[in-house]
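Read the structure below first, then the notes.
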Amino acid sequence: VHGIGARDGLDTLSQSQTYAVLEQWGLPVSPYFEVLGGLPEILAFIRRYGEQRHSLMHEIDGIVVKVDDLGTQRALGYTTRVPRWAVAYKYPPEEVHTKLLDIAVNVGRTGRVTPFGIMTPVKVAGSTVEMATLHNQDVVKAKGVKIGDIVVLRKAGDVIPEIVGPVLALRDQQEPPVRDFIMPTECPACGTPLAPAKEGDVDIRCPNARSCPAQLRERVFHLAGRGGFDIEALGWEAAIALTQPAEPEVPPLVSEAALFDLKHEDLANVRIRREKRSKGVATGEFELVPYFYSKGTAKSPSKPTATTDKLFKELEKAKTQPLWRVLVALSIRHVGPRASRALATAFGTMDGIRQASEEDLAHVDGVGPTIAAALKEWFAEDWHVEIIDRWAAAGVRMADERDQSMPRTLEGLTIVVTGSLPNFSRDEAKEAILTRGGKAAGSVSKNTSYVIAGENAGTKLDKAEQLGVPVLDEDGFWELLANGPAPASEITSTEPEKAAQ
1 VHGIGARDGL
11 DTLSQSQTYA
21 VLEQWGLPVS
31 PYFEVLGGLP
41 EILAFIRRYG
51 EQRHSLMHEI
61 DGIVVKVDDL
71 GTQRALGYTT
81 RVPRWAVAYK
91 YPPEEVHTKL
101 LDIAVNVGRT
111 GRVTPFGIMT
121 PVKVAGSTVE
131 MATLHNQDVV
141 KAKGVKIGDI
151 VVLRKAGDVI
161 PEIVGPVLAL
171 RDQQEPPVRD
181 FIMPTECPAC
191 GTPLAPAKEG
201 DVDIRCPNAR
211 SCPAQLRERV
221 FHLAGRGGFD
231 IEALGWEAAI
241 ALTQPAEPEV
251 PPLVSEAALF
261 DLKHEDLANV
271 RIRREKRSKG
281 VATGEFELVP
291 YFYSKGTAKS
301 PSKPTATTDK
311 LFKELEKAKT
321 QPLWRVLVAL
331 SIRHVGPRAS
341 RALATAFGTM
351 DGIRQASEED
361 LAHVDGVGPT
371 IAAALKEWFA
381 EDWHVEIIDR
391 WAAAGVRMAD
401 ERDQSMPRTL
411 EGLTIVVTGS
421 LPNFSRDEAK
431 EAILTRGGKA
441 AGSVSKNTSY
451 VIAGENAGTK
461 LDKAEQLGVP
471 VLDEDGFWEL
481 LANGPAPASE
491 ITSTEPEKAA
501 Q
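Structural data, given as C-alpha cells:
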C-alpha cells in the first residue's frame with residue numbers, strides 16, 4: 001500500500017496510523033517506512049537506504065518523504081499533478097566497471113540495424129548485465145567506446161542497461177589492444193547491402209524485408225506478443241526455432257504468411273543450438289537439441305512437447321482476436337495499438353483499411369499523414385497482401401463484428417477515463433467510447449468533453465475541475481453511452497468525492 005484515496009470509516013489521524021491499521025487487516029505495507037523528526041533524520045534515512053537499496057526485498061530508485069499528519073496534508077493540498085505534502089528523492093544510478101568484449105549488431109523487425117555491446121557479466125542495480133544497446137553508429141562514436149575497453153555501465157532509470165563511456169585511463173593497459181567498431185555494410189543475416197531508409201537518417205536498415213531471416217524472426221516474435229495475437233507459447237526461442245533453426249536447412253516458416261498453416265509434423269525435425277549448462281552455469285559449449293518434440297528413445301518415441309500442443313491451441317484461439325490486434329501483428333511501421341484501434345473503429349474491416357485512400361487514412365484521429373503513408377506503402381507489396389490473404393483463408397478474423405444499430409452517441413466528443421470503474425476495465429471503457437464514435441484520450445485538456453471518474457481518480461480529476469470540464473461517475477457514463485451528452489449532463493458531478501464514489 002502506497003497511499004489512501006477515498007476513505008469511509010477509517011478514522012486515523014496520520015499516514016503512519018493508517019499504515020498500521022491496514023497492516024492489521026492483512027494488506028501488504030512496506031516494512032521500511034519510518035516516522036522521522038526532522039531534516040537530519042531524513043537525510044540519514046536517505047543515506048542508509050542508498051547503501052542498502054540493492055539488498056532490499058524489492059528494488060527501489062528513490063525515497064518519498066511525506067507529511068505524516070493527515071490534517072496538514074489536507075491543508076497543503078495538491079497541485080494539478082502532485083501532492084504538496086510529499087516529495088521524492090531519486091538516487092543517482094549505480095555505476096560499475098566492466099570489459100566491453102565485443103560490439104555486435106541486431107536486425108529488428110522493420111530492418112533497423114542496431115549495435116549492442118557484449119560485456120563481461122557484472123551485477124548492477126540488483127541484476128547481472130552482459131549486454132546493452134548502443135542505438136546506432138553515431139552513438140558509438142559519440143560515447144568514444146572501443147572493443148576491448150573497460151567501460152562505465154549503469155542502468156538508466158535503474159532499469160535499462162546503458163554504457164556511459166570508456167575508462168580512458170585503463171585503455172592502454174588492455175590486452176589484446178582495443179580496436180574500433182566498424183559498422184557492417186551488409187546485413188549479417190542475409191548479406192543484403194545496408195542503407196538508410198532515406199537520406200539523412202542516422203539509422204541504417206536492411207531493405208530485404210521479404211527474405212531476411214532475422215527480420216522474419218523479429219516479426220514472428222512481435223506478432224505473438226500481448227499487443228498482437230497474444231500467443232504465450234511462441235516466445236523468443238520458439239521464434240528462432242521456426243525461422244532460424246540449426247536443422248532443417250529450410251525452416252518451418254519462410255514467411256509469417258504460413259503461420260496458421262503449420263502442422264505438428266512440420267515441427268518434428270526442428271533442432272536448435274542450445275548452450276550446455278553445468279549446475280545452472282553456462283559452459284560455453286553448444287549442442288543440437290529438438291525444440292518442438294521430445295527426444296526419442298527405443299522405448300519412448302519422439303512426440304510433441306506440452307508447449308508445442310499449447311502453441312497449436314493458442315494459434316487456433318488467435319484467429320478470433322479483434323481486427324486491431326491483427327493490424328498490430330502485421331509489423332507495419334509506425335502502426336501500434338493506438339493507431340490500430342482507431343483504424344479498426346473507423347473502417348471495420350481489413351479490406352476497408354486496404355482500399356482507403358491515403359487522405360482518408362490520415363484523417364482518422366490518431367493516425368495522421370506519417371502512418372497513412374506507411375500503410376499505403378505496406379499494402380502496395382504483393383507479399384504483404386499474401387500474408388493477409390493466407391491468414392484470412394486459415395480463418396483469422398479480418399473484420400470486427402459490429403452492431404450496425406449501435407448509436408453514434410459520442411460522435412465528436414473527446415473523453416478521458418480515470419480511476420477504477422466497477423463494470424469496465426480500462427480497455428472496455430475505451431472500446432465503448434470508440435465504437436460509439438468518440439475519441440478516448442489519455443490526458444485532460446480544454447478540448448476534453450467529459451472526464452469519467454472512478455475510484456482513486458487522481459490528478460486527471462483535479463485537472464478537469466481546474467478547467468471546468470464536466471465529470472461523470474459510472475452512472476453518468478452509462479447514460480452518456482446510451483443517449484449522448486444532453487441527458488448525461490443532468491447527472492454531471494464536478495465534485496471529486498462524488499465522482500469517485
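The opening position of the sequence shown corresponds to residue 1 in our numbering, with each subsequent residue numbered one higher. Using N, Cα and C, we set each Cβ at its ideal position, and we do this for glycine too.
Item to check | Proximity below 7 Å, CB of A88 to CB of G62 | outcome: yes
Checklist entry - Run through DSSP, which three-state label would P337 get? => result helix
Checklist entry - Which two residues bound the contiguous beta strand (DSSP E) that contains F116? => result R112 to V124
Next on the checklist: So, at 7 Å on beta carbons, what are the nonlocal neighbours of S340 in its own chain, with the 5 sequence-adjacent residues on each side left out?
Outcome noted: For S340, same chain residues with a beta-carbon under 7 Å away, outside a window of 5 residues either side, are W324, L327 and V328 in chain order.
Item to check | Contact belief for R271 with L288 at Cβ below 8 Å, rounded distance in angstroms | outcome: 5 Å
Item to check | Where N269 sits in the DSSP three-state scheme | outcome: coil
Next on the checklist: Once DSSP output is grouped into helix, strand and coil, what is the label at E95?
Outcome noted: strand
Next on the checklist: In this structure, how does DSSP classify E275 when only helix, strand and coil are distinguished?
Outcome noted: strand
Checklist entry - Expressed to the nearest angstrom, what Euclidean distance is found between the alpha-carbon atoms of A482 and M350? => result Their Cα atoms are separated by approximately 28 Å.
Item to check | Buried versus exposed call for M406 [16 or more other C-beta atoms within 10 Å across all chains shown] | outcome: Flag for M406 reads exposed.
Checklist entry - My guess is that D462 and Y78 are in contact by the Cβ rule of under 8 Å, so how many angstroms apart are they, rounded? => result About 6 Å; that satisfies the 8 Å criterion.
Next on the checklist: Under 8 Å: do the stretch 125-137 and the stretch 53-61 share three or more Cβ pairs, one atom per stretch?
Outcome noted: yes
Checklist entry - Where F45 and V122 are concerned, what is the direct C-alpha to C-alpha distance, given to the nearest angstrom? => result 28 Å
Checklist entry - Exposed or buried, E474, counting other C-beta atoms within 10 Å across all chains shown (16 or more means buried)? => result buried
Checklist entry - Going by the CB atoms, is the gap between G412 and N456 shorter than 7 Å? => result no
Checklist entry - Can you list, in chain order, the residues of its chain whose CB lies under 8 Å from that of K146, leaving out five sequence neighbours each side? => result The answer, listed in chain order, is L100, P166, R171, V178, R179, D180 and F181.
Item to check | Beta bridge counterpart(s) of N106 as assigned by DSSP | outcome: T114
Item to check | Backbone CA spacing between G227 and P337 [nearest angstrom] | outcome: 7 Å
Checklist entry - When you compare only the Cα positions, how much space is there between L36 and L10? => result Going by the C-alpha atoms only, they are around 23 Å apart.
Item to check | Cβ-based burial, A499 [other Cβ within 10 Å; buried from 16] | outcome: At A499 the pLDDT is 43, less than 50, meaning the model places this residue with poor confidence and gives no usable figure here.
Item to check | C-alpha gap between N269 and P213, whole angstroms | outcome: 19 Å
Next on the checklist: For V139, report the span of its alpha helix (DSSP H) as first-last.
Outcome noted: Q137 to K143
Item to check | Sheet register partners of L421 (DSSP bridge) | outcome: F424
Checklist entry - Is P193 closer than 7 Å to R154 when the C-beta atoms are compared? => result no
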